[in-house]
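**Student:** Quick one: the structure is below, and I'll ask about it shortly.
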Amino acid sequence: MTAQKLSLAKGLNAGLRKAMEDDPKVVLMGEDVGKLGGVFRITEGLQKDFGEDRVIDTPLAEAGIVGTAIGLALRGYRPVVEIQFDGFIYPAFDQIVSQVSKMHARSLGHLRLPMVIRVPFGGGIGAVEHHSESNEAYFAHTAGLRVVSCADPADAYWMIQQAIFSDDPVLFYEPKRRYHERAEVELDEAAGAPMPLHGARVARPGDDVTVLTYGPMVKTCLDAAGAAEGEGKSLEVIDLRSLSPLDTDTIFASVRKTGRCVVVHEASTFLAMGAELAAQVQRECFYSLEAPVMRVGGYNIPYPPSRFEEDFLPDLDRILDSVDQALAF
Amino acid sequence: MPDDAMESAPQAPAPVRHHETVVTGPMEHDITDGGPDMVQFVDGDGNRLPTSPANEAYAKIVEDLTGEDGRSMYRDLVLVRRIDAEGHALQRQGELGLWPSLLGQEAAQVGAGRAMRRQDYAFPGYREHGVAWCRDVPPENLLGMFRGVNHGGWDSNANNFHLYTIVIGNQMLHATGYAMGVQRDGDVGTGDPERDTAVMAFTGDGGTAQGDYNEALVFAGVANAPLVFFVQNNQWAISEPNYKQFRIPPYQRARGFGFPGVRVDGNDVLAVYAVTKAALDAARAGQGPTLIEAFTYRMGAHTTSDDPTKYRIAAEVDIWREKDPIARMRGFLASKGHADEEFFDSVDKEADELAARIRKACQEMPDPPKPAMFDNVYVDPHPVVEREKADFIAYQASFEGGK
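This is the structure in structure tokens:
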């Protein structure tokens, strides 16, 4: 019996452990990732088992963490960096955009940076400012990076390993409000090969409207699909999993089938993933579309104080409202 | 002392009280005088200076050098200056889009570069043509990025010389991380001179203001990494002088990060070599980082796009011309009888030949095929890049006769 019931956090922890066992060059680094196991306990117990050289409690400086991770990667390591919260990645923005994304190209292929930058992201946890952001679009916009997001414990376990063994740098977005969601995880590859890192998954098949989403909104969209079913509407929920590159085959096939598309994410909608998805879907599925592509996301304001967040974030009602608009066309 | 010792140790003078650290006011920096802490062995006229509290810790390293070492250093200085002059000329003739000149900083770079061992690794900014030369990087490799045919593109691991980094200070962190990797590989403090490895991170006085620079010093200090931070203080960050970058000179700030800082006369190749060798030896032995501030001067413009007459006076340049690193080494070697006119002439001739070789390579450097811009964005196949490349090729081919 190789399947276990794990939380998403434990899935990540088990995936990190497996990667560290498989390759001695895998090192974890970040603020409080050692003794404490990270503020979300994702790296819990790993320093104890793998030592301080492989699970590095770094000084509190994000540019320093990512910049030194680049150096470690250049020396042949596979660093896995933890950014403590989404809103703390900006000090490292320069290193990520100026160096991480470009190193392979500017070296004409001589150098590789097989590193992972883990980012707990999104809101809904009642946190203070800078702890609830969804900044994935900045990095999805940047050529040279790969950007993925897991939504459930099984993907957490497998995708983190796939990201670590990718020879390209990967931004790995973790839905922090789903860290404690639990599900059965098959830990044995022999029991069924995991999906490729950059494939989208039909999380729930349906016929009337395609709902494209990722990360923390996957569960919300599945809940919405359940509610819609009671009203006789069949939603197909697609967990994108990979934000860059996109698995457009899966996306387009679904929209061509349903003729309607709603994109849902927590990020503010202006120039976010939904904008790119809407542009590509209208270009490639033009003759199948029965309605404009709808976007449901955060409002275009700074992430509000937590007393507002329930109304700021897409919820079941807002998603279904957009679904109804799409169906009304 | 070797049989072919370059010099006999001069008579030590009476000990003098070591200079105490003084925090200077913002306008009080003397940009022509490195002060009594500065390690120096040869003055501007090529005279060997006596042992002093500042240089005595490094005297043995200089005394162990041979006449051949001295001649070889001189050769490097002259060739590096010539590489630089050729880069400048090629820009003026339209062959390069830009050239950042190292004129005046030859001794700082040759002294540092020559102190490195084969297995050591250098992380340069974009002006380190002299370090590149000492790492045996073909000078032609440096031209591509300034000609616009690539962004560097050389194989860093062929000579342990990383790509030039244009965003000021980014590379200090890469060097630090690399040194942390060296530690994890166990290549520090084994006592094996072929194995123990140190890393050098290069930047300038302007770079010391960057967050990345300061974070690198924090990380290196905490990790006790085998690292030498080498700051070429050439007095000018484009148009901004030292006093607009810092209140305390870089070498004095090292202590705040938990490791030693040394100011060395950046125009004295023997002093730079000795100080850097000592710092690298300490790093390889597991004694942690050192910060070296090479006190020097940017004789030329920031780059070929800059006009220094807008912001600095000619008299200042004249003062530094008297401290020229090549004239100084030449005077020293001649006065010690280690080199004659025939030798100096032969080096000049070699420089001419090198310049001709570089010029030819630059002029003949082909433009890469257009679709090459899509290459190496990712290691693994990427659908967007592959589709755009195919579309681009088809679009180009759609013109009459192709493109």
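Residue numbers (this note's numbering), protein chains in the order written: chain A, 10 to 338; chain B, 2 to 404. Don't be surprised by glycine CBs; every beta carbon is placed ideally from N, CA and C. Nothing here was measured: the structure is a model prediction, and the numbers come from that model.
#1: My understanding is that valine 218 of chain A touches lysine 185 of chain A, with C-beta atoms under 8 Å, so please give their C-beta distance in whole angstroms.
#2: If you reduce the DSSP assignment to three classes, tell me which class methionine 366 of chain B lands in.
#3: Alpha carbon to alpha carbon, how far is methionine 374 of chain B from proline 27 of chain B? Give it in angstroms, no decimals.
#4: On the DSSP letters alone, give me the boundaries of the alpha helix (DSSP H) that glutamine 289 of chain A sits inside.
#5: Whether or not the segment 150-169 of chain A and the segment 257-274 of chain A are in contact is what I'm after, with contact meaning three or more pairs of Cβ atoms, one per stretch, closer than 8 Å; do they touch?
#6: Please report the distance separating the alpha-carbon of glutamate 389 of chain B from that of threonine 166 of chain B.
#7: Tell me leucine 21 of chain A's beta-bridge partners as DSSP assigns them.
#8: Taking the alpha carbon of alanine 159 of chain B as the reference point, which residue from B:Asn171, B:Asp186, B:Asp121 has its own alpha carbon closest?
#9: Would a check of beta-carbon distances place alanine 210 of chain B closer than 8 Å to chain A?
#10: For leucine 164 of chain B and leucine 117 of chain A, I'd like the C-alpha separation in whole angstroms.
#11: When the Cα of threonine 259 of chain A is compared with those of A:Ala209, A:Leu154, A:Glu285, which residue comes out closest?
#12: What are the partner residues of glycine 307 of chain A, as DSSP defines its beta bridges?
#13: Please say whether leucine 249 of chain A and tyrosine 223 of chain A have beta carbons closer to each other than 8 Å?
#14: Rounded C-beta distance between isoleucine 92 of chain A and glutamate 71 of chain A? I'm assuming under 8 Å.
#15: Check whether chain B comes within 8 Å of methionine 29 of chain A, counting only Cβ atoms and requiring the distance to be less than that.
#16: Within the segment 191-237 of chain B, note down every full beta strand (DSSP E) run reaching 3 residues or more, in order along the chain.
#17: Buried or exposed, going by whether 16 or more other CB atoms sit within 10 Å of the CB of alanine 395 of chain B?
#18: Which residues bound the beta strand (DSSP E) around threonine 222 of chain A?
#19: By alpha-carbon positions, which one of B:Ser399, B:Glu387, B:Ala398, B:Val380 ends up nearest to serine 110 of chain A?
#20: Who pairs with proline 372 of chain B in a beta bridge, going by DSSP?
#21: From the beta carbon of leucine 249 of chain A, is the nearest beta carbon of chain B less than 8 Å away?
#22: Could you tell me which of B:Asn171, B:Val43, B:Gly88 sits nearest to serine 107 of chain A, measuring between CA atoms?
#23: Leaving aside the five residues before and after serine 102 of chain B along the sequence, list all residues of the same chain whose C-beta is less than 6 Å from its C-beta, in chain order.
#24: Return the residue from the list A:Asp197, A:Val137, A:Leu154 that minimises the CA-CA distance to glutamate 145 of chain A.
#25: Using a Cβ-Cβ distance under 8 Å, would proline 301 of chain A count as near chain B?
#26: Determine the DSSP secondary structure at alanine 395 of chain B, reduced to helix, strand or coil.
#27: Just verifying my parser: in three-state terms, what is the DSSP assignment at proline 27 of chain B?
#28: Buried or exposed for threonine 267 of chain A, going by 16 or more other Cβ atoms inside 10 Å?
#29: For glutamate 319 of chain A and phenylalanine 260 of chain B, what's the separation of their Cα atoms in angstroms?
#30: With contact counted as at least three CB pairs below 8 Å, one residue from each stretch, are the segment 109-117 of chain B and the segment 261-280 of chain B in contact?
#31: Can you give me the start and stop residues for the alpha helix (DSSP H) that glutamine 13 of chain A sits inside?
#32: Alanine 85 of chain A versus chain B: which residues are under 9 Å apart at the beta carbon?
#33: Do methionine 330 of chain B and methionine 7 of chain B come within 8 Å of each other at the CB atom, strictly closer than that value?
**Tutor:** Looking at the atomic coordinates:
#1: About 28 Å separates the two Cβ atoms, so there is no contact after all.
#2: coil
#3: Annotation note: pLDDT 49 at proline 27 of chain B (below 50); position unreliable, coordinate value reported separately. Computed Cα separation, rounded: 47 Å.
#4: 282-293
#5: no
#6: 28 Å
#7: The partner list for leucine 21 of chain A (beta bridge, DSSP) is empty, contrary to what the question assumes.
#8: B:Asp121
#9: no
#10: 11 Å
#11: Considering only A:Ala209, A:Leu154, A:Glu285, the residue with the shortest C-alpha distance to threonine 259 of chain A is A:Ala209.
#12: A:Ser277
#13: yes
#14: 6 Å
#15: no
#16: 200-205, 228-234
#17: The residue is exposed, with fewer than 16 neighbouring Cβ atoms inside 10 Å.
#18: Boundaries of the beta strand (DSSP E) around threonine 222 of chain A: 218-222.
#19: Residue B:Val380 is the option with its Cα nearest to serine 110 of chain A.
#20: Proline 372 of chain B pairs with nothing; no bridge assigned.
#21: It does not; no Cβ of chain B falls within 8 Å.
#22: With distances taken between CA atoms, serine 107 of chain A lies nearest to B:Asn171 out of B:Asn171, B:Val43, B:Gly88.
#23: Asp85, His89, Gly301
#24: A:Leu154
#25: no
#26: In this structure, alanine 395 of chain B counts as helix in the three-state DSSP scheme.
#27: Confidence at proline 27 of chain B is low in this model, with a pLDDT of 49, below 50, so its placement is unreliable and the value that follows should be read with caution. If DSSP states are grouped into helix, strand and coil, proline 27 of chain B belongs with coil.
#28: Of the other Cβ atoms in all chains shown, 16 or more fall within 10 Å of the Cβ of threonine 267 of chain A; this residue is therefore buried.
#29: 50 Å
#30: Yes: at least three Cβ pairs fall under 8 Å.
#31: Taken as a continuous stretch (DSSP letters only), glutamine 13 of chain A belongs to no alpha helix (DSSP H), being part of the beta strand (DSSP E) at 12-16.
#32: For the record, residue 85 of chain A in the displayed sequence is glycine; it is not alanine. Those are Gly182, Asp186, listed as they occur along chain B.
#33: no
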